[in-house]
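*Asks:* Let me give you the structure first, and then I'll get to my questions.
Numbering (our numbering), first residue to last: 66 to 213.
Rendered as structure tokens:
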């Protein structure tokens, strides 16, 4: 029997390095699960930024905005003062109807932020297939009188 065959017959004991690798892999699995849960939770959240000139109207009409979102659409809503965002959350993450309601609520708040009255923006909640689009008016170059 040669020496090479003799050494190959013995099974080497597992070092602690392998157990450390197993621990690392289990930690990475846990981190992957956390990331998946976090990404799934983010699907149930909409954030609508509020410009500074619409903060006062938002404060004045908060109860009118809050009531239909919470009572009719069954969603959670809050205003984050630090980031100046209205955050709307679906309490049931994998609910198809809730995701539609989430989009309706986000459109409702966006319409108010764009300048619609609360009563007019409520039409976005009541009616299906109704959307609000906006565009930004850019500044135009001013030519002299001789070009007109």
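A virtual CB, placed ideally from N, CA and C, is assigned to each residue, including glycine.
Excluding five sequence neighbours on each side, which residues of the same chain lie with their C-beta closer than 8 Å to the C-beta of residue 126?
*Replies:* If we look at residue 126 and ignore the five residues flanking it on each side, its Cβ neighbours are 177, 183.
*Asks:* Restricting to Cα atoms, I'd like to know which of 192, 193, 195, 179 is closest to residue 201.
*Replies:* Closest option to residue 201, Cα to Cα, is 179.
*Asks:* Are residue 186 and residue 111 close, meaning C-beta to C-beta below 8 Å?
*Replies:* For residue 186 and residue 111, no; Cβs fall outside 8 Å.
*Asks:* Quick check on DSSP: helix, strand or coil for residue 201?
*Replies:* Here residue 201 sits in coil by DSSP.
*Asks:* How many Å lie between residue 191 and residue 129 at the Cα?
*Replies:* Each residue's alpha carbon lies about 15 Å from the other.
*Asks:* Which of the three DSSP states, helix, strand or coil, is assigned to residue 141?
*Replies:* Note: residue 141 maps to strand in three-state DSSP.
*Asks:* Verify whether the separation of the beta carbon atoms of residue 62 and residue 169 is less than 8 Å.
*Replies:* The question about residue 62 has no answer, for the chain in this structure spans 66 to 213.
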